[in-house]
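These notes are about the structure you will find just below.
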Amino acid sequence: MIIVIDGPAGSGKSSTAKEIANRLKIQYLDSGAIYRAITYLWIAADKPEKNTFLDLLPEVDLETAYKRQTFFVELNGADITKNIRNQNVTESVSDIASLPEIRKFVNGYMRNLVLDDVYIADGRDLGTAVFPDAALKIYMDASLDERAKRRFNELQQTDSTAGVSLDEVKQNLNERDRKDQSRAADPLKKADDAIVINTTGKTFDEQVSEIIDIIQNKLKLKY
Ligand code: DC
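Below is the structure:
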């Protein structure tokens, strides 16, 4: 069974989904991390042309696991959990994620992963394209200013050497929103049957509790 949270970058989806997974003792899947891992691979391979890069995909050995509040990603045996948050990956990920062949690969990986457990996952197109039959769909949103502040703080904690300003983070978010919403293949879009949660001005605890109430009203998970 899967619960999905979609929304723009920095809307608080992943921290919220992780906290809900911890409280309800279910699994967590970070779909953006998988697009980031593929983007990391593209950069590590010296940014090859599209067709050369797609030829590498069948050889990719991807392993993910949620442990100790962290979504771990291993690519071909190397732990790249931290590397995928670096600015060079962040700048290219929307372009790599716009390729339909890449989306097919990532979707196949995710659908297979969630087969035999209860998951909460966050992304852009999970409720519309990847898991249209999800048990529950949430769409989280927040103003661009608030999302930029959150991402900036997060970056300070995970990559204090990144050297990017708040304004650059805001521009990157704005640009990624534009690309994620306008791409032809499975754009960021609210599913018709998703419940919208706007987190502007809400505390983390308020947004987590609000979504847990919705989950428990509808699904009554035992934990
Ligand atoms: O959530 P994030 O910022 O880590 O996601 C990184 C990028 O991956 C995002 O800019 C767009 C892409 N993505 C996507 O296209 N579809 C998803 N389901 C999740 C992420």
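For the sequence shown, the working numbering begins at 1 and goes up steadily by one. All residues carry an ideal CB built from backbone N, CA and C; glycine is no exception.
Tell me whether residue i sits in a helix, a strand or coil according to DSSP, three-state version.
| i | result |
| --- | --- |
| T70 | strand |
| K137 | strand |
| E63 | strand |
| A78 | strand |
| I2 | strand |
| V164 | coil |
| D192 | coil |
| L219 | helix |
| D186 | coil |
Pop quiz: residue i and residue j are said to be a contact at Cβ under 8 Å. What is the actual Cβ separation, rounded to whole angstroms?
| i | j | result |
| --- | --- | --- |
| A148 | L173 | 6 Å |
| I215 | L136 | 6 Å |
| G106 | Y28 | For clarity, residue 106 is Val in the given sequence; the question names Gly instead. Incorrect: roughly 16 Å between the Cβ atoms, too far for contact. |
| I120 | A21 | 5 Å |
Suppose you measure from the CA of residue i to the CA of residue j; what does that come to, to the nearest Å?
| i | j | result |
| --- | --- | --- |
| I84 | T90 | 8 Å |
| R103 | A33 | 13 Å |
| N153 | F71 | 19 Å |
| D193 | K47 | 38 Å |
| M140 | V4 | 10 Å |
| S166 | K179 | In the sequence as displayed, the identity of residue 166 is Leu instead of Ser. Between L166 and K179, the C-alpha separation is close to 20 Å. |
| K218 | I212 | 10 Å |
| F131 | E175 | 26 Å |
| Y225 | K82 | For the chain, the structure presents residues 1 to 223; residue 225 sits outside this window and is missing. |
| I197 | K50 | 37 Å |
| V93 | K202 | 28 Å |
| P58 | T158 | 31 Å |
| L115 | F204 | 30 Å |
| I195 | T128 | 13 Å |
Chain C beta carbons: is any one of them nearer than 9 Å to that of residue i?
| i | result |
| --- | --- |
| G32 | Chain labels in this structure do not include chain C; a single protein chain is all it has. |
Please list the segments of the alpha helix (DSSP H) lying wholly inside the segment 87 to 141, counting only runs of 4 or more residues, in order along the chain.
-> 87 to 97 and 100 to 113
For the segment 16 to 23 against the segment 36 to 46, are there 3 or more C-beta pairs whose distance is under 8 Å?
-> no
Quick one: any contact between the segment 177 to 186 and the segment 92 to 100, if contact means 3 or more CB pairs under 8 Å?
-> Per the Cβ contact rule, the segment 177 to 186 is in contact with the segment 92 to 100 (3 or more Cβ pairs under 8 Å).
Only counting runs of 3 or more residues, tell me where the beta strand (DSSP E) segments fall wholly within the segment 4 to 62, in order along the chain.
-> 27 to 30
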